[in-house]
Amino acid sequence: MKKLVEITTLSILLFAGINLSAQFSPGKLSKAHADLEGLANCTKCHELGAKVSEQLCLDCHKTLDFLINTNRGYHASTEVKTKSCISCHSEHHGVNFNSVRLDEEKFDHNLTGYKLKGEHGKIDCRDCHKPDFIASADIKKREGTFLGMEQACLSCHVDYHQTTLGNSCTDCHGFDNFNTLIGFDHNKTDYPLKGAHVEVDCVKCHKKATRNGREFQQFSDIIFAKCTDCHEDQHDGKFGNSCTDCHSINSWQKIKVSNKFNHSLTDYPLEGQHLRVSCAECHIGGDYKRDLAFAQCLDCHDDYHEGEFIKPDLSKPDCKECHSLEEKFSYTSYGLEDHDSSDYPLEGAHLATPCFACHKPNEDKRWTFKFNSTNCIECHVDIHEGFIDSTFYPSHDCKACHQVENWTTIDFDHNQTDFALQLAHQETDCRSCHFKEDANLELGFSQEFKDLASDCYSCHTEDNIHGNQFEKEGITDCKTCHSDNIKEWEASFFDHNKTEFPLEGKHAEVDCKECHKSQLKNSFGDFTTDYNIEKFQCIDCHSS
């Protein structure tokens, strides 16, 4: 009944033409609510006899009503939804009054349900809250609104991947730096990264390009079934497509020790000793693309002989002329026939001499094969230097006396000296006359060739079997009885008739030893014969 009276009274006043607007309204509404001016519209916001109705606000602001009912946004937060609308958004303060009155500096964005993280906390509000990022056509028209925003990254950001990787950007990206991947794990993809691939920059495999007029980087649908899908085949297909047969994923330049690479497919098949050589010995620094010269051994190997075998035309012989890949370098096929064509053909005992007896390492421990001369003393020590007059072997030429066939065989013509050799002396070893053993000397013997006496006694004193029986003034002259022209060394010059006992009759027929008895001289088994008989009576010999 009371309500009916109020309505009736209000109707009478209006009918009477009385302007009640100035009496009841506290002031003009803002531009946003301008369409609600007039007493007839009061009840759209106010309940009669009550304050502004929260429900009437939400009946008009349906977007906010929806957000609150779905527990989304700032107005749905616990701190805000318990407040009345008028506590923040008052009206009737004039046409130009801003009923939102948002303090952007102090605004707590966490209450909206979307916490600003990383770079989002540094940018201006209007960089995000603008019509470009609002999907609703109705809300988009509202000037200065903060409504209509979605939390999905792609509602604001352009999809760099152009729908190739889905919509959940935060699965991989963080808020601090878009280029830093914090959630992405390549090992969970169809191509886990291994070895050197772990260190490769993403852009090396995921190339940047232009698609639909925008920069685009492909991360999906990349072909990776074989290495050559990404890597250029440096071998132009010569060795097939299975790169990992030879190469390691840890280092492209590192070849597998137990590799399946068939070097025979190249222009240089490996043979012999080369099969044991490390790849890096030839492919320096692991550069397998660099062309290698291999026409000659010297293209890779240094000339061990340092030019010793340079030919007359100044060309170097190739190593394979003497060496073989099937044997170590110390082996040589250089034989006697080859040596015969050299400047020093081998003869006599040299044929049986091993190579290393003449060809020895030098100061650098390198085996040398070239000699300055072919004279014997280039290799052999001249033990006669200073003992034999150079007249008998000019230029220290050992061959003046010695033979190559046998070093101990002497060809020296003794007739050149003052003592020509005859008969037994011709068969006597030179050392017997010219050498004497002496343990105190380095060579173990002394030698004498100059100014030697030519009488028998000077050489045969020790082996004089007659002792002092025939001495005259302390010297036994062998030639008184013996002749060196007779091989058996018979006493052909001895005349018994010149002795004190001339041989007569039957005595002339008796063998010498019948009268001149031999007896043991010493414990070494030497015998001596007594030729100096002092008794000549018959009874002295014929006692019977």
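All you need for this note's numbering is the position in the sequence shown, starting with 1, plus 1075.
For every residue, glycine included, the Cβ atom is placed at its ideal position computed from N, Cα and C.
Check	Outcome
In its own chain, which residues sit with a C-beta less than 6 Å from the C-beta of Cys1354, not counting the 5 before and 5 after it?	Ile1330
With a Cβ-Cβ cutoff of 8 Å, do Phe1404 and Pro1392 count as a contact?	no
Pair every Cβ in the region 1471-1485 with every Cβ in the region 1444-1462, then say whether three or more of these pairs are closer than 8 Å.	yes
For the alpha helix (DSSP H) containing Gln1066, list its first residue and its last residue.	Absent from the model: residue 1066. The displayed extent of the chain is 1076 to 1619, so no value can be given.
Pull the bridge partners of Leu1595 from the DSSP assignment, please.	Phe1602
Any idea what DSSP makes of Lys1452, helix, strand or coil?	Residue identity differs from the one stated: residue 1452 is Ile in this sequence, not Lys. Helix, per DSSP.
Looking at the structure shown, is Lys1573 part of a helix, part of a strand, or coil, going by DSSP?	helix
Counting only runs that start and end within the region 1358-1433, where is the alpha helix (DSSP H) found for 4 or more residues in a row?	1411-1415, 1430-1433
Starting from the C-beta of Pro1101, find all residues in its chain whose C-beta is less than 7 Å away, skip the five residues before and the five after it, and write them out in chain order.	His1167
Across which residues does DSSP place Thr1551 in a beta bridge pair?	Glu1546
Mind the definition here: the region 1174-1189 touches the region 1117-1130 only if three or more C-beta pairs lie below 8 Å; say whether that holds.	no
Just curious, the alpha helix (DSSP H) that Ile1209 is in, first and last residue?	Where Ile1209 is concerned, there is no enclosing alpha helix (DSSP H), given that its DSSP letter is neither H nor E.
Measure from the alpha carbon of Asp1526 to the alpha carbon of each residue in Phe1520, His1509, Thr1536, then state which is nearest.	His1509
Is Leu1367 near Cys1357, with beta carbons less than 8 Å apart?	yes
Let's see if you can read the secondary structure: which residues bound the alpha helix (DSSP H) around Thr1157?	Counting along the chain, Thr1157 falls outside any alpha helix (DSSP H), and DSSP gives it neither H nor E.
In the DSSP assignment, find the beta strand (DSSP E) that holds Ile1054 and state where it starts and stops.	Residue 1054 cannot be examined here, being either before or after the span of the chain that is shown, 1076 to 1619.
Sorted by chain position, which residues of the same chain lie with C-beta nearer than 6 Å to His1380's C-beta, five sequence neighbours on each side aside?	none
With Gln1328 as the anchor, note down where its beta strand (DSSP E) starts and where it stops.	1326-1330
Between which two residues does the alpha helix (DSSP H) containing Lys1588 stretch?	1587-1590
Are the CB atoms of Thr1555 and Phe1568 nearer to each other than 8 Å?	yes
Grab the span of the alpha helix (DSSP H) containing Glu1512 for me, first residue to last.	Element bounds for Glu1512: not the alpha helix (DSSP H) but the beta strand (DSSP E), 1510-1512.
Mark Phe1221 as exposed unless 16 or more other C-beta atoms lie within 10 angstroms of its C-beta, in which case mark it buried.	buried
Which same chain residues end up closer than 8 Å to His1414 when comparing Cβ atoms and leaving out the 5 residues on each side of it in sequence?	Pro1420, Leu1421
Does the pairing of the region 1150-1169 with the region 1197-1213 give three or more beta-carbon distances under 8 Å?	no
Using a threshold of 8 Å, state whether the C-beta atoms of His1455 and Thr1443 are closer than that.	no
Hey, is Glu1537 close to the ligand MN, as in C-beta under 7 Å from one of its heavy atoms?	This structure lacks the ligand MN, and indeed carries no ligand of any kind.
With a threshold of 8 Å between beta-carbons, can His1459 be considered close to chain B, or not?	The structure shown has no chain B; it contains just one protein chain.
In the DSSP assignment, find the unbroken alpha helix (DSSP H) run with Ile1137 in it and report its ends.	For the record, residue 1137 in the displayed sequence is Lys; it is not Ile. Taken as a continuous stretch (DSSP letters only), the alpha helix (DSSP H) holding Lys1137 covers 1137-1144.
Taking the CB atoms as reference points, tell me whether Val1352 and Gly1423 lie closer together than 8 Å.	no
Which one or two residues does DSSP pair with Ile1463 in a beta bridge?	According to DSSP, which records beta bridges pairwise, Ile1463 is partnered with nothing at all.
Determine the DSSP secondary structure at Gln1501, reduced to helix, strand or coil.	helix
Since Asp1513 contacts Ser1521 with CB under 8 Å, what's their CB separation in whole angstroms?	5 Å
Nearest-angstrom Cα distance between Leu1191 and Asp1311?	54 Å
At the level of alpha carbons, what is the spacing between Glu1523 and Lys1511?	8 Å
Would a C-beta distance cut-off of 8 Å place Ala1109 and Ser1174 closer than the cut-off?	no
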